[in-house]
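Below is one structure, written out as structure tokens; comments come after it.
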Amino acid sequence: MTSGERRDLLQRVDALCEGTATAADLARLEELVLRDAEARRLYVEAIELHGQLYWDAAGAGAAETLPKPLQASASSKRPVNRRSRQFAIAAGSLAAILLIVASAVWTFPPAPQHDKNVLPNRLANQAHPQAAETVPPVLSSAPAKVPEITLPTVPAMKGEVELPLAVRPQSTLAIAAPPRTDAGLVQLVNAGILRNQTEHGVTPAPQANDAEWVRRVYLDLAGRIPTPAEVESFFQEGRPEKRALLVDSLLASPAFARHQATVWTNLLVGRTRDEAIRRDTMLSWLNRQFAENRPWRETVGELVAAEGTQENGPANFLLAHLNNQAVPATAITSRILLCEQLQCAQCHQHPVVKEWEQSRFWELNAFFQQTKIQETMALNPSTKRMEPVRELVDLDRFGPTYYESLRGVMQVAYPRYAGVEVMTEQPSPLREQLSKLLFAEDRPQPARAFVNRTWAQFFGYGFTSPVDDMGPQTPVSHPELLEQLTAAFVASDYDVKRLVRWICLSDAYQRSSQPAATTGDTPELGDPALFSRMYVKPLTAEQLYDSLLVAAGTAPDELLLAASENRRETWLAQFYTSVDTEENSESSTFDGSLPQALMMINGDLVQNATSPGKSRILDDVTSRGGVAEADRIRQLCLAALSRYPSQEELAQVRDVLRRSIRQRTERNVPLQLALAEGLKDVYWAYLNSSEFAVNH
1 MTSGERRDLL
11 QRVDALCEGT
21 ATAADLARLE
31 ELVLRDAEAR
41 RLYVEAIELH
51 GQLYWDAAGA
61 GAAETLPKPL
71 QASASSKRPV
81 NRRSRQFAIA
91 AGSLAAILLI
101 VASAVWTFPP
111 APQHDKNVLP
121 NRLANQAHPQ
131 AAETVPPVLS
141 SAPAKVPEIT
151 LPTVPAMKGE
161 VELPLAVRPQ
171 STLAIAAPPR
181 TDAGLVQLVN
191 AGILRNQTEH
201 GVTPAPQAND
211 AEWVRRVYLD
221 LAGRIPTPAE
231 VESFFQEGRP
241 EKRALLVDSL
251 LASPAFARHQ
261 ATVWTNLLVG
271 RTRDEAIRRD
281 TMLSWLNRQF
291 AENRPWRETV
301 GELVAAEGTQ
311 ENGPANFLLA
321 HLNNQAVPAT
331 AITSRILLCE
341 QLQCAQCHQH
351 PVVKEWEQSR
361 FWELNAFFQQ
371 TKIQETMALN
381 PSTKRMEPVR
391 ELVDLDRFGP
401 TYYESLRGVM
411 QVAYPRYAGV
421 EVMTEQPSPL
431 REQLSKLLFA
441 EDRPQPARAF
451 VNRTWAQFFG
461 YGFTSPVDDM
471 GPQTPVSHPE
481 LLEQLTAAFV
491 ASDYDVKRLV
501 RWICLSDAYQ
511 RSSQPAATTG
521 DTPELGDPAL
531 FSRMYVKPLT
541 AEQLYDSLLV
551 AAGTAPDELL
561 LAASENRRET
571 WLAQFYTSVD
581 TEENSESSTF
591 DGSLPQALMM
601 INGDLVQNAT
611 SPGKSRILDD
621 VTSRGGVAEA
631 DRIRQLCLAA
641 LSRYPSQEEL
651 AQVRDVLRRS
661 IRQRTERNVP
671 LQLALAEGLK
681 DVYWAYLNSS
691 EFAVNH
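Going by UniProt numbering, the sequence shown opens with residue 1, and the numbers climb by one from there.
Next up, the structure:
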């Protein structure tokens with residue numbers, strides 16, 4: 001094999017891996033590989049090299065045990081361990097030729113099928129009927145009036161960076177100025193959603209009744225099911241704007257801040273405990289940010305530019321991901337805060353977005369090269385022991401980023417974002433400059449990403465699928481509405497609560513989860529979401545934990561205590577484990593699998609919720625005298641599912657309860673005890689129903 005043929009083969013392998021190979025390239029590559037044994041060996045080695053260089057950091061942003069900081073080096077080769085599906089298919093096709101030549105057979109296992117697991121409905125397994133949705137005693141229409149609130153004028157940002165006209169704004173979609181009142185913005189959302197449904201010939205679902213909606217809004221805003229008293233209070237409220245009033249009340253509650261802080265702590269550093277960071281201080285900091293309704297621009301800025309040790313909440317984000325020459329920090333910052341899969345351009349030109357050159361990844365990475373993790377030992381006043389303290393430190397002297405192209409040529413990248421290259425000799429730290437550049441556009445990408453993530457948090461699907469891939473190649477289900485909401489969010493000075501209010505008061509959020517008779521709205525099949533109904537969402541681990549405590553009669557205020565937070569963190573540890581990979585990921589068994597099912601069948605939380613003397617709800621229902629069986633069943637159904645049972649459901653459950661009581665009394669069990677044991681079984685079945693395990 002001549003040197004020219006070797007060069008020819010390697011160039012065509014590069015083109016294959018870059019996704020730029022033509023039919024002629026593939027034909028020539030096939031010719032070279034089939035003709036010469038040395039060519040086949042070289043081909044395999046080149047393919048293996050590309051596989052090692054491809055790294056995908058799109059996993060959950062959990063922390064791993066971080067190595068001690070390394071000194072900056074001239075070379076920054078990064079080990080990587082995944083291939084893209086497109087690359088695997090193309091490479092596999094040529095690999096098949098090699099296998100035929102070698103008279104060997106390789107089999108490639110099919111891609112695993114990931115079903116959306118939901119806890120099975122065990123109500124029927126208990127000889128009880130499946131709970132059917134019922135109309136509660138009091139129903140109301142959608143809020144007739146949304147209080148008018150004028151958006152404030154956005155103050156100028158100190159040290160704001162002006163972008164060149166050539167690169168501003170990022171989105172080319174022209175939109176009208178957004179309305180300046182909440183009512184106007186809700187109508188804007190309604191019109192955008194309805195217009196899209198009409199174009200697709202989709203009939204929206206009817207409005208959710210009070211029972212379905214009140215459970216939904218408590219889970220979405222407070223992170224738990226409502227108490228029976230809260231449900232009945234909402235049923236009895238007669239004002240037409242009662243849904244808007246409840247949304248405002250929940251947004252102002254400490255529960256909303258705690259729930260949002262939990263959601264974002266999980267996104268930023270994962271759920272697993274890691275001695276290298278302080279997850280609790282990040283959770284507390286985010287709790288304050290959401291409680292005080294600090295602008296999202298400020299929150300993102302602190303996450304990117306934070307300094308100090310684990311005691312400083314926002315510093316834990318980069319303390320968790322600044323390992324491996326800041327490659328995870330670059331990829332996760334892009335994926336979580338910008339909703340862009342920029343890591344696909346780490347080792348080569350982006351396989352789908354051709355305008356995303358390899359340099360784009362490393363130019364963002366260059367902003368983090370000034371920062372290192374410094375580790376020292378210090379006395380912990382609580383434990384009285386010397387413990388490691390990790391601190392983010394910005395160096396006075398640092399260089400640019402060096403990376404290797406696919407052709408083995410070392411390239412240099414300087415800090416650059418949105419067309420603006422930052423001079424490294426400027427006095428302010430690079431990360432501080434990045435925090436300003438991120439929001440320098442008219443409709444900055446972090447704002448667009450937050451709108452998309454928040455919408456997905458409440459509906460189960462965002463405007464893009466997946467939610468963290470908003471690159472130019474990804475279709476947007478409602479592009480104009482996304483841009484209008486982004487513009488309104490920016491005009492509100494990044495007001496998180498206002499954005500959530502617009503979403504929760506929209507017609508789409510008021511819809512039932514039961515679809516209309518005919519619908520083409522099937523995002524679960526990969527189609528764009530049309531939001532003609534409320535999509536069913538499995539409860540998160542935190543929502544399930546808090547809801548089981550509420551179902552046991554725990555007062556909602558008790559959930560806010562630090563001791564309760566620590567117990568929840570300990571309980572979560574059984575489902576989440578950090579994976580020692582370069583992707584800073586974690587594995588989970590909270591996915592409808594056996595560990596979760598066993599926890600619901602006989603775990604401590606369910607046992608406490610259904611045990612006399614431990615469950616305030618059950619004690620109250622069973623101890624009151626002179627109460628009909630039907631009323632006791634209604635109260636248990638209300639406590640578990642935030643609704644009353646239908647007449648058919650009530651009759652069937654009562655029949656099962658009576659048989660249970662009769663069987664126990666025939667074994668000489670006292671009647672009152674037999675009633676209590678029978679009601680315990682009924683409550684256990686309600687808590688183990690699939691209806692309890694989802695938010696609909």
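Quick reminder that beta carbons are idealized off the backbone N, C-alpha and C, glycines included.
- Rounded to the nearest whole angstrom, the CA to CA distance from residue 638 to residue 270 is 33 angstroms.
- The three-state reading of DSSP puts residue 400 in coil, since its state is none of H, G, I, E or B.
- Only residues of its own chain outside the window of five on either side were considered, and among them 380 have a CB closer than 6 angstroms to the CB of residue 387, listed in chain order.
- Per the C-alpha coordinates, the member of 359, 513, 483, 508 positioned closest to residue 174 is 483.
- Per DSSP, the unbroken alpha helix (DSSP H) holding residue 436 starts and ends at 430-437.
- One thing to note: residue 369 has its Cβ within 7 angstroms of the Cβ of residue 398.
- If you draw a straight line from the Cα of residue 255 to the Cα of residue 264, it comes to about 14 angstroms.
- DSSP places residue 373 within a strand segment (E or B) once states are collapsed to three.
- By the Cβ-count criterion, residue 625 is exposed, with fewer than 16 other Cβ atoms from all chains shown falling within 10 Å of its own Cβ.
- With a cut-off of 8 angstroms on Cβ pairs, the stretch 667-682 is in contact with the stretch 608-626, counting three or more such pairs.
- In the displayed model, residue 678 falls within a helix according to three-state DSSP.
- With a cutoff of 7 angstroms on beta-carbon distance, residue 413 and residue 424 are scored as not near each other.
- Beta-bridge annotation (DSSP): residue 576 is paired with 588.
- For residue 487, the closest of 417, 446, 307, 19 by C-alpha to C-alpha distance is 446.
- A contact is defined here as three or more CB-CB pairs under 8 angstroms, and the stretch 485-504 meets this definition with respect to the stretch 174-191.
- According to the DSSP secondary-structure assignment, residue 420 is paired through a beta bridge with 417.
- From the listed residues 226, 200, 548, the smallest Cα separation to residue 600 is found for 548.
- The stretch 241-248 and the stretch 275-282 do not touch, with fewer than three beta-carbon pairs separated by less than 8 angstroms.
- In the three-state reduction of the DSSP assignment, residue 515 falls in the coil class.
- Contact check between the stretch 199-210 and the stretch 527-535: three or more CB pairs, one atom from each, fall below 8 angstroms, which counts as touching.
- Listed as beta-bridge partners of residue 385 by DSSP are 380.
- If the five residues before and after residue 326 are omitted, its C-beta is found closer than 7 angstroms to the C-beta atoms of 365, 368, 369, all from its own chain and listed in chain order.
- Beyond the five residues adjoining it in sequence on each side, residue 567 comes within less than 8 angstroms, by CB distance, of no other residue in the same chain.
- In this structure, DSSP gives residue 537 an extended state, which the three-state scheme calls strand.
- Under DSSP, residue 410 shares a beta bridge with 404.
- In the DSSP assignment, residue 363 falls within the alpha helix (DSSP H) that extends over 358-365.
- Residue 26: member of the alpha helix (DSSP H) spanning 23-35, first to last residue.
- At least 7 angstroms separates the beta-carbon of residue 498 from that of residue 515.
- Around the beta carbon of residue 410, a 10 Å sphere encloses fewer than 16 other beta carbons of the protein chains shown; the residue is thus reported as exposed.
- Residue 389 and residue 332 have their C-alpha atoms some 23 angstroms from each other.
- Leaving aside the five residues that flank residue 217 on each side, the residues in its chain whose CB is nearer than 7 angstroms to its CB run, in chain order, 246, 247, 250, 504.
- DSSP lists 309, 374 as the beta-bridge partner residues of residue 391.
- Residue nearest to residue 570 within the set 557, 542, 595, 560 is 542 (criterion: CA-CA distance).
- In this structure, the beta-carbon distance from residue 337 to residue 393 does not fall below 7 angstroms.
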